[in-house]
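S.K.: Structure in structure tokens, see below.
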Amino acid sequence: MNISDMSSLANFRNLATKIVCVGRNYKDHALELGNAIPMKPMLFVKTVNSFIVEGEPIVAPPGCQNLHQEVELGVVIGKKASKISKSNAMDYIGGYTVALDMTARDFQDEAKKAGAPWFLAKSFDGSCPVGGFIPSSDLQNPHDVELFCKINGKDQQRCRTDVMIFDIPTLLEYTTQFFTLEVGDVVLTGTPAGVTKINSGDVIEFGITGRIESKFLVN
Ligand SMILES: O=C(O)/C=C/C(=O)CC(=O)C(=O)O
Ligand SMILES: [Mg+2]
């Protein structure tokens with residue numbers, strides 16, 4: 001697929017081979033969970049089975065007692081990227097989305113204590129409710145948008161993307177030194193403060209102010 005084929009890229013969920021997630025990329029979120037500010041990007045991965053779309057419910061994984069929402073700007077890759085540099089990293093972006101990095105916080109706390117991977121906490125089926133697609137040509141500056149997440153109509157997260165610790169070119173340069181990013185892959189750029197426990201029956205609305213918005217129900 002060619003990067004100019006934007007109509008195909010709107011189906012990024014069907015093209016993606018992985019979702020690369022950045023952790024602790026907003027200072028206020030790192031601090032709210034008692035973590036140090038990272039000196040370099042911290043990465044983990046979700047499988048494509050974690051994608052769900054509007055109309056599908058958010059479901060906690062078996063045994064989870066503390067499911068959290070994390071609203072995040074998603075970068076959708078438009079051109080295969082390996083070992084790219086910051087200077088031309090934006091050329092590899094086909095568009096943007098917004099997603100929830102659903103996190104079984106109790107599983108994650110257990111994993112952190114044991115020094116074990118976060119895979120179970122972060123990549124269970126349905127752990128990435130995802131919204132619409134904005135072609136890169138329609139969003140000149142992804143570092144100048146506001147992310148929001150409302151729970152049952154009340155603001156829970158609201159933050160501009162200009163306060164990311166590592167900006168998007170830095171994240172893409174760093175990531176692609178280790179992993180090839182394929183067309184349709186999504187890089188979730190981390191969440192701002194305001195993560196909280198999600199309960200059965202909650203309605204979660206999230207998006208980019210004035211651009212895209214999605215609504216999901218929690219089972
Ligand atoms: O270190 C922790 O306790 C938790 C970190 C995260 O879940 C990281 C993220 O996914 C994020 O910052 O978006
Ligand atoms: Mg996250």
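Take the sequence shown: its position 54, counting from 1, is numbered 54 in full-length UniProt numbering, and each next residue is one higher. Idealized CB from N, CA, C, for every residue including glycine.
With a cut-off of 5 angstroms, give the chain-ordered residues whose Cβ is closer than this to any heavy atom of ligand 2.
M.R.: For ligand 2, the selected residues are 70, 101 and 191.
S.K.: Considering only the beta carbon of each residue, do residue 94 and residue 12 sit closer than 9 angstroms?
M.R.: Here residue 94 corresponds to residue number 94 of the sequence shown, with the count starting at 1. Here residue 12 corresponds to residue number 12 of the sequence shown, with the count starting at 1. Yes, Cβ-Cβ distance for residue 94 and residue 12 is below 9 angstroms.
S.K.: Going by DSSP, what residues sit across from residue 72 in a beta bridge?
M.R.: The residue labelled residue 72 in the question sits at position 72 within the sequence shown. Bridge partners of residue 72: 99.
S.K.: Round the Cβ separation of residue 212 and residue 25 to the nearest angstrom and send it over; I've been treating them as touching at under 8 angstroms.
M.R.: To locate residue 212, count along the sequence shown from 1; it is residue 212. To locate residue 25, count along the sequence shown from 1; it is residue 25. With 8 angstroms as the limit, residue 212 and residue 25 do not qualify as a contact, their Cβ atoms being about 20 angstroms apart.
S.K.: Under 8 angstroms from any heavy atom of ligand 1, does the C-beta of residue 175 make it?
M.R.: The sequence position of residue 175 within the sequence shown is 175, counting from 1. No, the beta carbon of residue 175 sits no closer than 8 angstroms to any heavy atom of ligand 1.
S.K.: Which one of 190, 201, 207 and 42 has the shortest CA to CA distance from residue 219?
M.R.: Looking up residue 219 in the sequence shown gives position 219. Nearest of 190, 201, 207 and 42 to residue 219, Cα basis: 201.
S.K.: Around the C-beta of residue 177, are 16 or more other C-beta atoms found within 10 angstroms, so that it is buried, or is it exposed?
M.R.: Position 177 of the sequence shown, counting from 1, holds the residue named residue 177. Exposed is the call here.
S.K.: Out of curiosity, what's the CA-to-CA distance linking residue 127 and residue 87?
M.R.: Indexing the sequence shown from 1 puts residue 127 at position 127. Indexing the sequence shown from 1 puts residue 87 at position 87. Taking the straight line from one Cα to the other gives about 32 angstroms.
S.K.: Kindly identify the DSSP beta-bridge partner or partners of residue 157.
M.R.: Position 157 of the sequence shown, counting from 1, holds the residue named residue 157. Answer is 149, bridged to residue 157.
S.K.: What are the uninterrupted segments assigned as alpha helix (DSSP H) that are 4 or more residues long and contained completely in the stretch 171 to 202, given in chain order?
M.R.: If we require 4 residues or more, the stretch 171 to 202 turns out to have no alpha helix (DSSP H) run fully inside it.
S.K.: Contact defined as beta carbons within less than 8 angstroms: I believe residue 20 pairs with residue 179. What is the distance between those atoms, to the nearest angstrom?
M.R.: By 1-based counting over the sequence shown, the position of residue 20 is 20. By 1-based counting over the sequence shown, the position of residue 179 is 179. Rounded, the Cβ-Cβ distance is 7 angstroms, consistent with contact.
S.K.: If you pair each beta-carbon of the stretch 142 to 162 with each one of the stretch 106 to 115, do three or more pairs fall below 8 angstroms?
M.R.: No: the two stretches stay apart, fewer than three of their Cβ pairs being nearer than 8 angstroms.
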